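See structure below.
As structure tokens, this is what we get:
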């Protein structure tokens, strides 16, 4: 993806990470929900649609920070998910579901300025899963 | 993956998943409700629900190079 979704802002003492336009597929899995990133191979599980979105965004930001702290970069973490994983989820009838999320994470000042996270994340989920969640109210 | 008969949707207790990760040389560090998972150069943070659904189990297996069957039959790793 060339990391076009990733942006960094820095001031004198801290780095603020932001990510834009990351696509995520969401599907129902039994009593739970599953979210799989596309441009970044990261996934999360949650007890509800909102829960899985929150856990995905939170876990992704924390993972990026953790990789920066451990390795000084995110090259190993920011990898595209395998195409067969996308297809597997899309075969369930995925349709676009957009969501804007903001997560700001502060980093130690000694970290490099090649940082990341997100201004918005776009979620995709199967229509059937969305309608079931809507019916739950 | 053949699932246990008492768990048709394939969701597993979080502790069982964490145990298999550790038995598979994944370093698991708990920070309140968050878990840092590390193996070789792969490192990520997870906020797991009490039970881990099937697709998440498969993702963890793929990400950390573990046979998915080991999560459902952890005794295979203990022998």
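Protein chains in written order, with this note's numbering: chain P, 7 to 143; chain Z, 8 to 86.
Just so you know, even glycine gets a beta-carbon here, dropped at the ideal spot from N, CA and C.
Please read all numbers here as calculations on a predicted model, not as lab measurements.
Hey, how far is the Cα of residue 41 of chain Z from the Cα of residue 97 of chain P?
As a working mapping, residue 41 of chain Z is identified with position 34 in the second chain. As a working mapping, residue 97 of chain P is identified with position 91 in the first chain. Distance between the alpha carbons of residue 41 of chain Z and residue 97 of chain P: 31 Å.
Mark residue 84 of chain P as exposed unless 16 or more other C-beta atoms lie within 10 angstroms of its C-beta, in which case mark it buried.
Taking the first residue of the first chain as position 1, residue 84 of chain P is located at position 78. Buried: at least 16 other Cβ atoms inside 10 Å.
Touching by the beta-carbon criterion (3+ pairs, under 8 Å), the segment 59 to 73 of chain P and the segment 76 to 85 of chain Z
no
Determine the burial state of residue 34 of chain Z: buried for a count of at least 16 other Cβ atoms within 10 Å of its Cβ, exposed for fewer.
Sequence index remark: in the second chain, residue 34 of chain Z carries index 27 (1-based). Counting Cβ neighbours within 10 Å, residue 34 of chain Z comes out exposed, since fewer than 16 surround it.
So what does DSSP say about residue 62 of chain P, is it helix, strand or coil?
Within the first chain, residue 62 of chain P is the residue found at index 56, counting from 1. Helix, per DSSP.
Chain-ordered residues of the segment 52 to 67 of chain P with a beta carbon less than 8 Å from chain Z
52, 53, 57, 61, 64, 65
Measure from the alpha carbon of residue 57 of chain P to the alpha carbon of each residue in P:48, P:41, P:72, then state which is nearest.
Residue 57 of chain P sits at position 51 when you count from the first residue of the first chain. Looking at the Cα atoms, P:41 is the closest of the given residues.
Could you work out which residue in P:34, P:71, P:46 is closest to residue 61 of chain Z when comparing CA atoms only?
Here residue 61 of chain Z refers to the residue found at position 54 when the second chain is read from its first residue. Residue 61 of chain Z has its Cα closest to that of P:34, out of P:34, P:71, P:46.
So what does DSSP say about residue 38 of chain P, is it helix, strand or coil?
Locating residue 38 of chain P in the first chain gives position 32, counting from the first residue. Strand at residue 38 of chain P.
For residue 48 of chain Z, name the three-state secondary structure that DSSP assigns.
Within the second chain, the letter at position 41 stands for residue 48 of chain Z. Correct three-state label for residue 48 of chain Z: coil.
Compute the Euclidean distance between the alpha carbons of residue 24 of chain Z and residue 57 of chain Z, then round it to the nearest angstrom.
Along the second chain, read from residue 1 onward, the residue named residue 24 of chain Z stands at position 17. Along the second chain, read from residue 1 onward, the residue named residue 57 of chain Z stands at position 50. Approximately 10 Å between the Cα atoms of the pair.
Tell me which residues share the same chain as residue 80 of chain Z and place their Cβ nearer than 8 Å to its Cβ, disregarding the 5 neighbours each side in the sequence.
Taking the first residue of the second chain as position 1, residue 80 of chain Z is located at position 73. None.
What distance in whole Å lies between the Cβ atoms of residue 18 of chain Z and residue 48 of chain P, which are believed to be in contact at a cut-off of 8 Å?
Here residue 48 of chain P refers to the residue found at position 42 of the first chain. Here residue 18 of chain Z refers to the residue found at position 11 of the second chain. With 8 Å as the limit, residue 48 of chain P and residue 18 of chain Z do not qualify as a contact, their Cβ atoms being about 20 Å apart.
Name, please, each residue of chain P whose Cβ falls closer than 9 Å to the Cβ of residue 50 of chain Z.
The residue labelled residue 50 of chain Z in the question sits at position 43 within the second chain. For the C-beta of residue 50 of chain Z, the chain P residues within less than 9 Å are, from N- to C-terminus, 69, 72, 73, 76, 77, 82, 83.
Would DSSP call residue 78 of chain Z helix, strand or coil?
Counted from its first residue, the second chain places residue 78 of chain Z at position 71. Reduced to three states, the DSSP call for residue 78 of chain Z is helix.
Quick check: is the beta carbon of residue 41 of chain Z nearer than 8 Å to any beta carbon in chain P?
The count along the second chain starts at 1 and reaches residue 41 of chain Z at position 34. Yes, because at least one Cβ of chain P sits closer than 8 Å to the Cβ of residue 41 of chain Z.
Going along the chain, which residues of its own chain have a beta-carbon closer than 8 Å to the beta-carbon of residue 29 of chain Z, five neighbours each way excluded?
Working through the second chain from its first residue, we reach residue 29 of chain Z at position 22. Excluding positions up to five away in sequence, the list reads 35.
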